[in-house]
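Q:
Numbering (the numbering used here), first residue to last: 1 to 88.
Pasting the structure below:
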C-alpha cells in the first residue's frame, strides 16, 4: 500500500455537497482537514491506497476531477545519506 497526499480546492457550493458525501464515510472524513471555516475552501488529506486512482476515488465526486493527488514517501537518515552520495 502506498501513501498519497490529496489537495482538493472547491467552491463554497461544492463544499456543502462534498461534505455531505464525506459524512457518509466517517473513516475517509477523518483523514482530511479543512480550511473552509476560515475562508479557504480546500481539503487536505493523507491517505493509504493501492493506487493513485484508488486515492482519487476517496474524494467526493463533485470535486474529484479537480483534486491534486500525489504519491508521497518518507525517508530515513540512511536513505538521505545515500541520496547525497549519489548526487555528489
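Where a beta carbon is used, it is the ideal one built from N, C-alpha and C, also for glycine.
(1) For residue 79 versus residue 52, is the C-beta spacing smaller than 9 Å?
(2) Please name the residue, chosen from 50, 64, 75 and 69, that lies closest to residue 2 on a Cα-to-Cα basis.
(3) Would residue 60 be called buried (16 or more neighbouring beta carbons within 10 Å of its own) or exposed?
(4) Using only the alpha-carbon positions, how far apart do residue 31 and residue 87 sit?
(5) Could you tell me the distance, in whole angstroms, from the CA atom of residue 83 to the CA atom of residue 76?
(6) Just to confirm the assignment, what range does the alpha helix (DSSP H) spanning residue 18 have?
(7) Can you tell which of 74, 17 and 25 has its C-alpha closest to the C-alpha of residue 58?
A: Taking the definition as stated:
(1) Reading the chain shown from its first residue, position 79 is the one you call residue 79. Reading the chain shown from its first residue, position 52 is the one you call residue 52. Residue 79 places its beta carbon 9 Å or farther from that of residue 52.
(2) The residue given as residue 2 occupies position 2 in the chain shown. Closest by alpha carbon: 50.
(3) As a position in the chain shown, residue 60 is number 60, starting the count at 1. Result: buried.
(4) Counted from its first residue, the chain shown places residue 31 at position 31. Counted from its first residue, the chain shown places residue 87 at position 87. Whole-angstrom Cα-Cα distance: 35 Å.
(5) As a first step, residue 83 must be located in the chain shown, where it is residue number 83. As a first step, residue 76 must be located in the chain shown, where it is residue number 76. Rounded to the nearest angstrom, the two C-alpha atoms are 11 Å apart.
(6) Mapped onto the chain shown, residue 18 falls at position 18. Per DSSP, residue 18 belongs to the alpha helix (DSSP H) from 12-23.
(7) The count along the chain shown starts at 1 and reaches residue 58 at position 58. The residue with the shortest Cα to Cα distance from residue 58 is 25.
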